[in-house]
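Notes follow once the structure below has been shown.
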Amino acid sequence: MSIKSYAQAIRDVIAEEMRRDGKVFIMGEDIAEQGGIFGCTRGLIDEFGPERVRNTPISEAGFCGAGLGAACAGMRPIIELMYMDFTLVAMDQIINQIAKTRYIFGGKAVIPLVIRGQQGVGRGNAATHSQSMEAVFLHFPGLKVAMPSDASDAAGLLRTAIRDDNPVMFFEHKALYTSKCEVDDSPDFSVPFGKARILREGTDVTIIATHTYVQKSLNVAEKLAAEGISAEVIDPRTLVPMDWDAMAASVEKTGRAVVVHEAHRTGGVGAEIAAELSERTFRYLDSPILRLGAKSCPLPFNLGLENAVVPQESDIYAACKRALYQA
Numbered sequence: 001m002s003i004k005s006y007a008q009a010i011r012d013v014i015a016e017e018m019r020r021d022g023k024v025f026i027m028g029e030d031i032a033e034q035g036g037i038f039g040c041t042r043g044l045i046d047e048f049g050p051e052r053v054r055n056t057p058i059s060e061a062g063f064c065g066a067g068l069g070a071a072c073a074g075m076r077p078i079i080e081l082m083y084m085d086f087t088l089v090a091m092d093q094i095i096n097q098i099a100k101t102r103y104i105f106g107g108k109a110v111i112p113l114v115i116r117g118q119q120g121v122g123r124g125n126a127a128t129h130s131q132s133m134e135a136v137f138l139h140f141p142g143l144k145v146a147m148p149s150d151a152s153d154a155a156g157l158l159r160t161a162i163r164d165d166n167p168v169m170f171f172e173h174k175a176l177y178t179s180k181c182e183v184d185d186s187p188d189f190s191v192p193f194g195k196a197r198i199l200r201e202g203t204d205v206t207i208i209a210t211h212t213y214v215q216k217s218l219n220v221a222e223k224l225a226a227e228g229i230s231a232e233v234i235d236p237r238t239l240v241p242m243d244w245d246a247m248a249a250s251v252e253k254t255g256r257a258v259v260v261h262e263a264h265r266t267g268g269v270g271a272e273i274a275a276e277l278s279e280r281t282f283r284y285l286d287s288p289i290l291r292l293g294a295k296s297c298p299l300p301f302n303l304g305l306e307n308a309v310v311p312q313e314s315d316i317y318a319a320c321k322r323a324l325y326q327a
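Counting from 1, one number per residue, gives the positions in the sequence shown under UniProt numbering.
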């Protein structure tokens with residue numbers, strides 16, 4: 001075990017998997033000599049060379065398509081996107097080709113492809129470089145979706161993604177890259193997809209959170225505990241597959257739930273979670289399932305305005321109190 005940053009954990013797993021399997025390679029914009037804009041591929045070019053650490057032109061559609069071709073030919077490509085916002089210029093390749101090829105060929109075409117990159121607010125990157133894109137890919141069958149919230153899960157989930165024979169959308173968060181925690185150094189350490197993590201047990205209200213909102217929710221749970229309110233905090237870890245059983249069991253226990261994410265509230269994954277849990281746990285609910293997300297506004301450049309658009313800890317606190325009819 002060692003203390004690593006989120007970015008270092010990602011970089012180390014990529015290197016270890018490239019050493020383990022010669023079919024693993026990575027490509028993307030400025031990932032070689034520059035090491036990626038957040039350092040997640042730093043130094044890999046020195047060890048593996050330009051054949052396995054490939055700088056690409058500024059054409060996400062082009063290199064996502066190349067990744068699909070490489071996967072079909074037996075390689076295990078990792079594609080780094082500078083910003084997950086840029087998936088929007090490669091949607092035909094991702095949605096109509098990558099997600100569907102294995103199905104179209106009756107399971108005979110294996111697609112071990114990881115598309116990874118960062119998203120989210122925190123750096124004032126404005127409207128087209130700060131979006132949270134995960135809900136788009138939740139909608140289309142054929143893609144797995146992972147969202148690690150700390151360095152340990154970044155390492156464990158990424159290793160699982162690289163070894164998976166299906167395409168995986170791997171969503172990192174720019175504000176988490178410098179965060180640190182203890183990470184298992186075993187070359188086979190992995191975190192299974194579809195297994196949520198209960199970070200804090202509770203009995204009064206369930207908080208389901210992703211990415212940076214996991215720590216924010218834990219902070220809120222501490223504040224609620226000081227008032228005698230017991231909050232359970234759950235990180236789904238992966239959205240496809242989703243650990244419905246763990247979340248439903250928690251809501252059955254607490255009778256109340258708040259779902260919080262950074263993505264826009266309208267059409268966000270919180271809506272899907274709230275709807276599914278309402279069907280599964282309706283007879284146990286003591287109040288409606290509440291969801292928090294960004295306001296229906298493009299993400300501002302100004303950090304103060306950015307904070308006004310996305311949920312804050314005070315919003316999570318108020319939602320929990322509302323669920324408890326104590327607002």
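The C-beta atom is built at its ideal place from N, Cα and C for all residues, glycine as well.
Since we're looking at a predicted model, the values are computed, not measured.
{"Query": "Alpha-carbon to alpha-carbon, E262 and A175", "Result": "12 Å"}
{"Query": "A15 versus L290, G28, R42, residue with shortest Cα-Cα distance", "Result": "R42"}
{"Query": "Cα-Cα separation between A154 and M84, rounded to whole angstroms", "Result": "16 Å"}
{"Query": "Alpha helix (DSSP H) segment containing N125, residue limits", "Result": "No alpha helix (DSSP H) holds N125; DSSP gives it neither H nor E."}
{"Query": "Stretch pair the segment 194-211 + the segment 243-254: three plus CB contacts closer than 8 Å", "Result": "yes"}
{"Query": "Extent of the continuous beta strand (DSSP E) to which T206 belongs", "Result": "205-209"}
{"Query": "Option nearest D92 by Cα separation, candidates G293, V110, I31, G62", "Result": "G62"}
{"Query": "Alpha carbon of T56 to alpha carbon of A226, nearest angstrom", "Result": "52 Å"}
{"Query": "Cα-Cα separation between A327 and V310, rounded to whole angstroms", "Result": "With a pLDDT of only 47 at A327, under 50, the local geometry of the prediction cannot be trusted, and the value read off the model is given with reservation. Rounded to whole angstroms, A327 to V310 spans 21 Å at the Cα level."}
{"Query": "First through last residue of the alpha helix (DSSP H) which encompasses A275", "Result": "269-281"}
{"Query": "4 or more residues per run - each alpha helix (DSSP H) lying fully within the segment 220-262", "Result": "244-254"}
{"Query": "Complete runs of the alpha helix (DSSP H) confined to the segment 42-109 [at least 4 residues]", "Result": "44-48, 60-72, 101-104"}
{"Query": "For A94, the nearest candidate out of I31, A248, E172, A66 (CA to CA)", "Result": "The amino acid at residue 94 is misidentified as Ala; the sequence shows Ile. Ranking I31, A248, E172, A66 by Cα distance to I94 puts A66 first."}
{"Query": "Alpha-carbon to alpha-carbon, K144 and Y177", "Result": "22 Å"}
{"Query": "Nearest-angstrom Cβ-Cβ length linking S59 and D185, presumed shorter than 8 Å", "Result": "Contact flag wrong, Cβ pair sits at about 37 Å."}
{"Query": "Nearest-angstrom Cα separation, counted from L324 out to L138", "Result": "30 Å"}
{"Query": "Residues that L290 bridges to, as DSSP identifies them", "Result": "V258"}
{"Query": "Proximity of L224 and V214 at Cβ, strictly below 8 Å", "Result": "no"}
{"Query": "As assigned by DSSP and simplified to three states, the class of R265", "Result": "coil"}
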